[in-house]
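Some notes on the structure that comes next.
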Amino acid sequence: MKLFIKNMICTRCKMVVKKELENLGLHYTRVQLGEVVISEELNNKQLEQLKAALSESGLELMDDKKAILNERIKIAVFEHVYRNEELSKINFSEAISEKLQTDYNFLAGVFSELNETTIENYYIKLKIERVKELLLKTDLTLTEISYKLNYCSIAHLSAQFKRITGLTPTFYKNLR
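Residue numbers (numbering that gives the first Met the number 0): 0 to 175.
The following block contains the structure:
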């Protein structure tokens, strides 16, 4: 049985889900970001217990197909920004479409409908969050960060950073 879980976007979330499944005596075959595969079918009581346990940790079982797709899009974008050592040089929309095996225009429509922003804007905001982390937690230069996150130039990264945060990357780094 495959279950989809909202807000499950980190390793800690996966650990919480595994713990709750074990506490309820449920057996899983896979726990990955946003998704759990359970060996057995759940009855209504087990499902309600799992929902309540996950809710206490800020996680939520999803059953709406659009909400599930929306969460899968968010996870795909997150993984694209945070999991790739060097962001793919292929077009972002092609990468997301390929990862989810769905037409990008359809994905973009669902995402915009549920989030009041575009996938592209969500992607940019995540990239800027990643830039902030790299500025504060590493000794990478702006040039190296620009290359790592597939910006066409330092000027492009800087302009996008300033538009989103109101600060220049250098000023932000010096705040530390």
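In this text, a Cβ means the ideal position worked out from N, Cα and C, and glycines have one as well.
Note that the structure is a prediction, hence the values are computed from the model and not measured.
Regarding R82 and the ligand ADP, is the C-beta to nearest heavy atom distance less than 7 Å?
Annotation note on the ligand ADP: not contained in the displayed structure, which lists no ligands.
By alpha-carbon positions, which one of K172, H155, R29, S56 ends up nearest to E19?
S56
Distance between K98 and L135 (C-alpha atoms, nearest Å)
30 Å
Contact check, L113 vs K65 under 8 Å by CB: the rounded distance?
6 Å
Going along the chain, which residues of its own chain have a beta-carbon closer than 6 Å to the beta-carbon of V80, five neighbours each way excluded?
L125, K126, R129
For T137 versus I153, is the C-beta distance shorter than 8 Å?
no
Once DSSP output is grouped into helix, strand and coil, what is the label at M61?
strand
May I ask you to list the residues that DSSP assigns as paired with R29?
V36
Helix, strand or coil at L2 according to DSSP, with G and I counted as helix:
strand
What are the complete alpha helix (DSSP H) segments, minimum 4 residues, inside the stretch 88 to 129?
91 to 99, 103 to 114
Is K44 buried or exposed, if buried means 16 or more other CB atoms sit within 10 Å of its CB?
exposed
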